[in-house]
Amino acid sequence: MIALYATLLIPFGAMLVFAVIGHWKHAGTLNLLVCFATFLTSLQLAIDVFTNGFMITPGQLFYIDAFNVYLILVNALVGLTTSIFSRPYMAYELKIGRVDGGRMRLYHSMFQGFLLTMLVALSTNNLGILWVAVEGATLATVLLVSLYRTPESIEAGWKYFILCGVGIAQALFGTVLVYFAAEKISPGEESTLLWSVLKDHSDQLEPTVLMLAFVFLLVGYGTKIGLVPLHNWLPDAHSEGPTPMSAILSGLLLNVALYAVVRYKMLIEPALNNHLPSYMMMGFGMLSFSVAGILLHHQRDIKRMFSYSSIEHMGLMTFAFGIGGPLATFGALLHMIVHSLTKSAIFITVGHAAHIAGTQKISEIRGLIRTQPAVGWTFLLGTVAIAGFPPFGVFTSEFLLFTATIESMPWLVMPLLIGLAVAFAGLFRHVQPMVFGEPPEGQLPVKANMLPIIFHLFLVLWLGISIPDILANWLDQATIMVVGKGLL
Amino acid sequence: MSYAQLSLMEQLILTLSAMILLTSFLLLAQSRIISLINTFASQGFLLFLGTCLIAQSSGRYHLYISAGMTLALKVFFVPWLLRRLVRRLDIRRDVENVGGPSMIMIAGGALVLFSYYVALPIRELSDLATRNTIAISLAVILLGMLMMITRRKAVAQVVGFMSMENGLFFAAVVSTYGMPMVVELGIAFDVLVAAVLFGIFFFQIRAGIGSLDVDHLNRLHEVDR
Amino acid sequence: MALNLVYLTIVAAFGSAVLPILFCRSTVASKLVAFILLGISGLSGILGGGMALLGKVDISAELPIGLPWLHCHLHLDPLSGFFLFLVSLISLMAAIYGSAYVREYQQGSQPLLPLTLFTGLFVVGMDLVMLADDAFSFMIAWELMSVSSYFLVAYQHQNETNRRAAFIYLLMAQIGGLFILLGYGVLASFSGAFDFSSMQAVELSPAWSSLAFVLALIGFGMKAGIVPLHVWLPQAHPVAPSHISALMSGVMLKVAIYGFIRFVYDLLGNIYWQWGVMVLSIGCISAILGVLYALMQHDLKRLLAYHSVENIGIIYMGLGLSMIFAGTNHLELATLGLIAALYHCLNHALFKSLLFLGAGAILQQSREHNLEKMGGLIKRMPVTAFCFLIGCISISALPPFNGFVSEWLTFQTALQGTILTNHILTALIPISAAVLALTGALAAACFVKVYGVCFLGLPRSQNCAEATETAYGPQLSQILLAALCLFFGVFPTWTVSQIENIAQILLPTGIPMATSHGWLWLTPVSSDVASYGAPMVFLGIGSAWLIVWLWLHPRRKKMEIRIAPAWDCGFGSLNARMQYTATSFTMPIRRIFRPVWFISENYQQPGENAPGGRYELKVGDWAWLKIYQLIGRLLLATAKRAAFIQGGNIRIYLVYSFFTLLFLLWVVSL
Amino acid sequence: MNGWILAIVQTSLLLLCAPLLTGWVKWIKCKLQSRQGAPPWQPYRDLFKLFKKEVVLAESASPIFRVAPYIVFGVTVLAGSVVPMFAIGLPTAAIADVIVLVGFFALGRFFLALAGMDVGTAFGGMGSSREMTISSLAEPAMLMAVFTLAMTVHSTNLASMTRYLLEQPLQLYPSFVFSAMGLLLVAVAETGRIPIDNPATHLELTMVHEAMILEYTGRHLALMEWGAMLKLMIYGMLLGDIFFPWGIADSFAPLPLLIGFLSLFLKLFLLGLSLAIMETGLAKMRFFRVPQYLGLAFILCLLGMLSHVILEIN
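Below, the structure is given as structure tokens:
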């Protein structure tokens, strides 16, 4: 209980504090410490949940179960490692004058604000609060996207703001409809928007309304997930914001949006007599997966490229959740972890690479391994991991997804396979020349802290070789919650 | 039951909702910035009235609070902010000639029809008098989106966005007699922040691109030009 | 015992991968650690695999890793033992060879660490593939093998060619891996579990098992390099360091064969003869095209890589015959075919690694990889030359060396096609045998060219004129391999009787006749059908030679040999430009089989820019030009078109979102 | 035991008789071309002379060059020792079947070609290139013929083939006719006779075999030449064994052996005669016509095989 509140309050406080002293020269370190504290408390929270099942706060405002506890943990972890990375990174940006004190204040404050909204979104029990938190995440990050005040970054920020705003508005309408559908349970009660309550009375919900609601929710939160054709904000926002931003956007925000959709699916699908939600998710997933995979071939900007890879993977997960069935769901839940770990690690290395080459243009980043072996190798390994090669964890989840697909609908396997191959080719055709070959003249190594990356990759490797029992149990419970039966 | 059997109050609510729809159409057609903002404010005011009436008729008094927030935000704060920005950015005289207004009107009409068709199954099951208004609010939302699509000026897009918010709020109020308080507050807060951020963005865009025409925001793309 | 040895193999290989990182301060120390451990792994693997094969062991084990509900199953039986033996043997040779060979990288800017690291992981991956007893760990091991070998191919990444080759290789490896995964998925979806034992248990309908078979054929074929899935092979093998090329070409392809055999014979179980026809025809095509393309290559290692395609084709022919017979319930003949294929795996592993090591030695000593620049090396590097000669003889399938035995067995299997009741097959199989004969003859021609141009005659470049013999390590490994080539050529009966253990597990029958006449005679079907006394042949050639020598000996005392310049027909003395080049050597064959290659010739009349005229010949690979590049272009075009989605105008984006919403609403309100 | 003795006897007889066959063919040719001609035993003199002469090696020659003659000769002798000459059932016959026999020739050819390339003259390379090209086309055809026979007699062992044919009453297999013709063409190509190669000339554009051994002298040359003669003889015996097995001894009793010996002589006499007539009648063909020639051979063998499958299997 305390752990939970602490987990939420620490970033909240930090947000306010940084709004004042964010430009202080040790703010980065402080940021790191705060994130570390958050991580510790979330760890404590995880232990609590592990020892005595799920947890619901008095007033039922917060509700922690196996599904969100591990995501909270991953959030805190990625936040921590990203803050480790962001300290030297932002210092460098300050040094070369891309940002000034005020923006540093904004940056640090909003960094914490973003983490806060993410944690709230994950831990809340109230679907309305969930919406508020996700919208809050948009508001928190929109100014970070345009932090550099370049025309491109402003454009990216505007697109991000408008598209996500519209999407989120639709999500709100969906939420309203859910509330409306729940009026049978206890009309107008405060409690009717509580996930736990709704879950218990899901049989009394109005199917027709729920169906409409799901459409709005899917389109709304789907915009945040970055499902094609709602994804257009994503590459811009990722490529123009500061790299730590991209790391947490890709690593956390997308996950949380997907989390929201899956929560609603858990709620809505049992109440319906058809599987339309699943089919919609499969459709969206397959579309995003294949389109992003193809577009990977046509990239010039390194961060844009990896944001497309994020789209691809989110599509894969959405597809997996759509397929349903314990195997696919387990795989998707696992994929949420490994993807956010790997992708954030990659974005961190990308940040270093961009500093080394002094540009984000793929065509001008060359010979990283020669210039700075650590960066080059981790970049390459990260790409190998995200491309789904064993023994990294991404392979495990994709393996599960594959086999699940073969079992439930074999004819979908071929496009999946082709898509994976195409995406892989698209990724590697660009990455290989960047890491290999002779570096251009006068390309110098930068001060890089490899710890977070190595830690992430190590975790992913571990998950690939063997999944620890605690996690396996949580994933399995979550699977049971989503599809009603588990694997273990 | 037929319309005649409804109480006067309810009839009034329904009339208001019709007027709200009308305002969205006006927004769609309105080409002068200032009057656009005014129309938006009036829509907010109608929303405020509707909320009060529902609060009155249904006896849910916490709705008055949300009505108050509506008044504060949608009628006073946001329009004021927009007007001020327009003055600061000195685009009061801007006239955005909407491309093919008749077509857009027809499209709007089609959208209303569509949203009615979509909401049809819902009105079967609700026993609230105001159930039909779901279709209206949906229409308002869609019209807001349509407006965002058809307008090139950033300000107009913002207005469209805000009118979408209006539609949402209206839906929340009329269909379910408002959301839980905490959610209402959250939403209001979000709207507030959003409005402020929009303001900041106007200046950034103006500074960065030199105009508020969103069609000039086209640096980031994949197509080889 | 055997299993422990195998564990030691893997652990040692893993150690050779990671331990050098600790010693990275001094290259010498790390190098020593890496290669010694690799050698240990090789030795223990030879022992363990050998035990598993000879002792017909059948051990299972389970490690507490992998998926929570599917722990990593391991299994060791003669089949895996046999291939484990191959892998370890060649990795031992690579270890002996490499320690001296990588010296050139020590001076260069190239850090040694990645090489040793990924070499170790590569070997670990191959060993684990042999042991894996469930689809998940199999795939992990398989992809570990692919990825680490990718890094090895990309090791000298400053060259554009290496990068391209590595990319193509990894891409195709990935696709192949996905196909294999699908194959397993089909089995798993019926058996409901991923461990092989439960996969063996299920009975699939013909359609499904054929689907699984095709998936496996493509997946494993992608790695084995059957035509037209071979294009990565001639690109990747030449650019890797030579001992790695030896490992890749020598054993990695065999790992693919192992996977195929495991999948088809062990997991799928009942085999249909139509599969056999498929495999046989693929084998024929690969064999003949492989050797024809090899003939036209002038890059030594590239040529050898194409020969790998050829030999894989021969192996597939053996497998195909075996499957045909298995599908028609002639189990003894099926066994014979399988044994022929396995035997050829062994042989190809030996002589192809030998040749690659030799090529590496030449490359290192003469800095030339183009045949047209070599010549006369036999005088400068006699040991290498001698071993390379043996390699050439073996790969050209000439008695009494090992390559001949396996091809002979394949022939014998093919000749039994008469007992089939399906007379179309009866007619087709001898033709395939004729293709095999053509392949062998062309291979001989090709290696006459290689040896003649590279080792004999006069040096065609300064580098070759100044080349010197390699270090002792490389020499030793080559000599060992050459000796093994001879051994397995001269004692086929024993070898066959050992390989029989595998067949007895896969198709539960042996070929008692083959070895019934003692170690001297190999009589695959029966003594009056066909017999081959390899030791006698060896003895015979030896004795004939000895007699002649003894007979001429006294005369040699009297007059010693006079050395004189070669007769020059009265034009100035002999020089290197007079000799036949590799191109001219193969010109007749090029003329005969012209349509096989994509040939672009241009001849320039003598002129100011080209005194004496110049002749340019480009030989391209149809599959590469017409299939793969086409796909690549298509993909890029699609990507270009798809890019319109990200057009840059926010209002368009809003339109997308708007219509998505409308569409979905319409869908649900239907 | 006496089987082994007999085998040795046969091999040495083979060695002795080979030059005679060549000489005989040459002599007949001379007579047919109304030339004076050397006596049939002239080859013996040549060999004797060559063995006496000193060996001159080119400076650029490598050990391969000196080893090759011995290997070529040794392999050919070994090949000869496994082909039934005048008796079947010799223990040596089990050493190798026809496929191995082809392998032997291939091995010999391999070293011959290497030796050709060794010195580094243009001719040597040319000869090797042509030789390998021809052989790579001839081998499949030959094996095709062998397979066709093997399909009938269910064996690739020469001895058991011959025995099978002997034990049967006289029969006419269409497949045999075809493969006999095919094998004849192949034999002509393999032994380097007209129209493929002309052993009598050193005209640079036409020679194949001679081009390879151009640099050889003394005993090396002698061994090479002798090997070539042996090869001709062996092919002769091969054709005889397979297509005209009659008379060959199937037991080691003196009388059958004598008959076998005489019948062999008769066969070779006729073979030499026909060969000489053919060589006189035909002209040497252009090198790039050879593929068509061997293609014809292959087609014949293929037809043989097909006719076996279609007509003879019931």
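Residue numbers (this note's numbering), protein chains in the order written: chain A, 395 to 882; chain B, 899 to 1123; chain C, 495 to 1164; chain D, 18 to 331.
The C-beta atom is built at its ideal place from N, Cα and C for all residues, glycine as well.
1. In whole angstroms, give me the CA-to-CA distance for G91(D) and I1041(C).
2. Tell me the DSSP bridge mates of E1095(C)?
3. Taking A565(A) as part of the alpha helix (DSSP H), name the residues at either end of that continuous run.
4. Please list, in chain order, the residues of the region 1044-1063 of chain B that have any C-beta partner in chain C closer than 9 Å.
5. At a Cβ cut of 9 Å, what residues of the region 422-446 of chain A count as close to chain B, listed as they run along the chain?
6. Compare the C-beta of G713(C) with all C-beta atoms of chain A and state if any pair is closer than 8 Å.
7. Could you tell me whether the region 661-675 of chain C touches the region 693-704 of chain C, where touching means 3 or more Cβ pairs closer than 8 Å?
8. In whole angstroms, what is the alpha-carbon distance linking Q826(A) and I763(A)?
9. Could you check how far apart the C-beta atoms of W21(D) and L37(D) are, in whole angstroms? I think they sit under 8 Å.
10. The beta strand (DSSP E) that contains G560(C), what's its start and end?
11. Of the residues L281(D), I88(D), S196(D), which one's Cα is nearest the Cα of F315(D)?
12. Measuring CB atoms only, is the region 710-717 of chain A touching the region 661-681 of chain A, in the sense that at least three cross pairs come out at less than 8 Å?
13. How would you label C958(C), buried or exposed, when you count the other beta carbons within 10 angstroms and need 16 or more for buried?
14. By the three-class DSSP mapping on this structure, what secondary structure does K1051(B) have?
15. Please report how far the alpha carbon of M1079(B) lies from the alpha carbon of L513(A), in whole angstroms.
16. Starting from F923(B), find everything on chain C with Cβ-Cβ shorter than 9 Å and list it in chain order.
17. Can you list the alpha helix (DSSP H) stretches of 4 or more residues lying completely in the region 855-905 of chain C, in chain order?
18. May I ask you to report which of helix, strand or coil DSSP gives R210(D)?
19. Assuming C950(B) is part of the alpha helix (DSSP H), what are its boundary residues?
20. Give me the Cα-Cα distance between M587(C) and L741(C), rounded to the nearest whole angstrom.
21. Measuring alpha carbon to alpha carbon, tell me which of A293(D), E227(D), M322(D), A111(D) ends up nearest I1025(C).
22. Please state whether DSSP places N823(C) in a helix, a strand or coil.
23. If we call anything under 8 Å between Cβ atoms a contact, is A1052(B) one with V1089(B)?
24. Going by Cα to Cα distance, which pick from A132(D), P262(D), L200(D) is closest to A78(D)?
25. Let's see if you can read the secondary structure: which residues bound the alpha helix (DSSP H) around A1117(C)?
26. Answer yes or no: does any C-beta atom of chain C fall closer than 8 Å to that of Y233(D)?
27. Quick test of the definition: if touching needs 3 or more C-beta pairs under 8 Å, does the region 944-957 of chain B touch the region 1063-1078 of chain B?
28. Quick check on this structure: which residue in V603(A), V536(A), G820(A), P452(A) has the alpha carbon closest to the alpha carbon of L588(A)?
29. Which residue from I1004(B), A1005(B), L1036(B) puts its Cα closest to that of A1017(B)?
30. Count the C-beta pairs between the region 849-866 of chain A and the region 766-780 of chain A that are closer than 8 Å, then say yes if the count reaches three, no if not.
31. Run down chain D in chain order and give the residues with a C-beta less than 8 Å from the C-beta of P1059(C).
32. At what residues does the beta strand (DSSP E) containing H737(C) begin and finish?
33. Could you tell me the alpha carbon to alpha carbon distance between S860(A) and L561(C), rounded to whole angstroms?
34. Should M964(C) and R874(C) be called a contact, given that it needs their Cβ atoms to be closer than 8 Å?
35. Going along the chain, which residues of its own chain have a beta-carbon closer than 6 Å to the beta-carbon of F754(C), five neighbours each way excluded?
36. Could you tell me whether the Cβ atoms of W563(C) and L882(A) are closer together than 8 Å?
This is what the structure holds:
1. Spanning the two alpha carbons is a distance of roughly 9 Å.
2. According to DSSP, which records beta bridges pairwise, E1095(C) is partnered with L1111(C).
3. Element bounds for A565(A): 545-575.
4. Residues of the region 1044-1063 of chain B whose Cβ lies closer than 9 Å to any Cβ of chain C, in chain order: L1044, M1046, I1047, T1048, R1049, R1050, Q1055.
5. Flagged: no residues at all.
6. Output row for G713(C): interface = no.
7. Contact fails: fewer than three Cβ-Cβ distances are below 8 Å.
8. As the crow flies, the alpha-carbon of Q826(A) is around 10 Å from that of I763(A).
9. Rounded, the Cβ-Cβ distance is 25 Å, inconsistent with contact.
10. Looking at the DSSP string, the run of the beta strand (DSSP E) that includes G560(C) is 553-561.
11. Comparing alpha-carbon positions, the option among L281(D), I88(D), S196(D) lying closest to F315(D) turns out to be S196(D).
12. Contact holds: three or more Cβ-Cβ distances are below 8 Å.
13. Buried, since its Cβ has 16 or more Cβ neighbours within 10 Å.
14. In the three-state scheme derived from DSSP, where H, G and I count as helix and E and B as strand, K1051(B) is classed as strand.
15. Across the structure, M1079(B) and L513(A) are spaced so that their CA atoms are roughly 21 Å apart.
16. Correct list: empty, because the minimum Cβ distance to chain C is about 17 Å.
17. As far as the region 855-905 of chain C is concerned, its whole alpha helix (DSSP H) runs of at least 4 residues are 871-874, 876-889.
18. Correct three-state label for R210(D): coil.
19. Looking at the DSSP string, the run of the alpha helix (DSSP H) that includes C950(B) is 931-956.
20. Going from the Cα of M587(C) to the Cα of L741(C) covers about 9 Å.
21. In the sequence on display, residue 1025(C) carries Ser and not Ile. Minimum Cα distance to S1025(C) is reached at A111(D).
22. N823(C) falls in the coil class under three-state DSSP.
23. Cβ distance not < 8 Å, so A1052(B) and V1089(B) don't count as in contact.
24. Measuring from the Cα of A78(D), the nearest candidate turns out to be A132(D).
25. DSSP places A1117(C) in no alpha helix (DSSP H); its state is neither H nor E.
26. At least 8 Å separates the CB of Y233(D) from every CB of chain C.
27. Between the region 944-957 of chain B and the region 1063-1078 of chain B, the count of C-beta pairs closer than 8 Å reaches three or more; the two stretches touch.
28. Answer by Cα proximity: P452(A).
29. Of the candidates I1004(B), A1005(B), L1036(B), the residue whose Cα lies closest to the Cα of A1017(B) is L1036(B).
30. The region 849-866 of chain A vs the region 766-780 of chain A: in contact.
31. Below the 8 Å Cβ cutoff, chain D contributes A75, E76 as neighbours of P1059(C), in chain order.
32. Per DSSP, H737(C) lies in no beta strand (DSSP E) segment; the continuous alpha helix (DSSP H) that holds it begins and ends at 736-741.
33. Those two C-alpha atoms are separated by around 6 Å.
34. Residue identity check: residue 964(C) is Thr in the sequence provided, not Met. Taking 8 Å as the Cβ cut-off, T964(C) and R874(C) do not qualify as a contacting pair.
35. Excluding positions up to five away in sequence, the list reads F714.
36. Contact: yes.
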